[in-house]
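One structure is given below, encoded as structure tokens.
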Amino acid sequence: MSAKFFLDTTILVYAYSANEPAKNARARALNLPANGWVSTQVLTELVNVLPRKFKLDWSVADIIPEDITASFSIRTNTPATILRATHVAQPYGFSWFDSLIVAALDGTLRHALPRGFTAQPAAGRHVARHQSLRLA
17 MSAKFFLDTT ILVYAYSANE PAKNARARAL NLPANGWVST QVLTELVNVL
67 PRKFKLDWSV ADIIPEDITA SFSIRTNTPA TILRATHVAQ PYGFSWFDSL
117 IVAALDGTLR HALPRGFTAQ PAAGRHVARH QSLRLA
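Residues in the sequence shown are numbered consecutively from 17, following our numbering.
Have a look at this one:
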């Protein structure tokens, strides 16, 4: 049985976007099995970013939620998720939106977060990145 994983918006953006072929190829080469999780926040960000920044036609963008929900388990952000995110943002120095993603993780996976993850400054904010998911 392979391990569960939680997808960040960036991986999905490059998997759906043809604007940066090298990053698209890397994202698709991950061959992600369908035993991962995606939060409602990641799904929302994806549907927002692709038409706005990557000029993906809305007729294509509107099938993305169905595609993602058919392929991955969805973690819904609830008021409790938002509260947990407030407890992640400050001590780890993560951005608010990265903290929401971390807060949406299952308890077991969330406790394993520090192993392999680093908080790195990027464009004036901290971003959680796993050592094995480098696209650039």
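For each residue, glycine too, the CB sits at the ideal point set by N, CA and C.
The model shown is predicted, which means the values in this text are computed figures rather than measured ones.
{"Asked": "Going along the chain, which residues of its own chain have a beta-carbon closer than 7 Å to the beta-carbon of N93, five neighbours each way excluded?", "Found": "S55, T56, Q57, L116 and A120"}
{"Asked": "Quick check on the DSSP output: what are the complete alpha helix (DSSP H) runs of length 4 or more inside the region 44 to 108, in order along the chain?", "Found": "56 to 70, 74 to 77, 80 to 87 and 95 to 108"}
{"Asked": "Give me the DSSP bridge partner(s) of F113.", "Found": "Its beta-bridge partners do not exist; DSSP assigns none."}
{"Asked": "Tell me whether the region 66 to 82 and the region 32 to 46 touch, counting them as touching only if at least three CB pairs, one residue from each stretch, are closer than 8 Å.", "Found": "yes"}
{"Asked": "What do you reckon, are the CB atoms on L59 and I84 nearer than 8 Å?", "Found": "yes"}
{"Asked": "In whole angstroms, what separates the C-alpha of I80 from that of Y108?", "Found": "31 Å"}
{"Asked": "When the Cα of D78 is compared with those of F88, F110 and P67, which residue comes out closest?", "Found": "P67"}
{"Asked": "Return the first residue and the last residue of the alpha helix (DSSP H) that L28 is part of.", "Found": "T25 to Y32"}
{"Asked": "Assuming L62 contacts T97 (C-beta within less than 8 Å), just tell me the rounded distance between them.", "Found": "With a Cβ gap of about 18 Å, L62 and T97 do not count as contacting."}
{"Asked": "According to DSSP, which residues form a beta bridge with F21?", "Found": "Paired residue(s): none; F21 is not in a bridge."}
{"Asked": "Report all residues from its chain with a CB closer than 6 Å to the CB of E36; omit the five preceding and five following residues, and keep chain order.", "Found": "none"}
{"Asked": "Taking only the alpha-carbon atoms, compute the straight-line gap between K20 and N51 and give it to the nearest angstrom.", "Found": "6 Å"}
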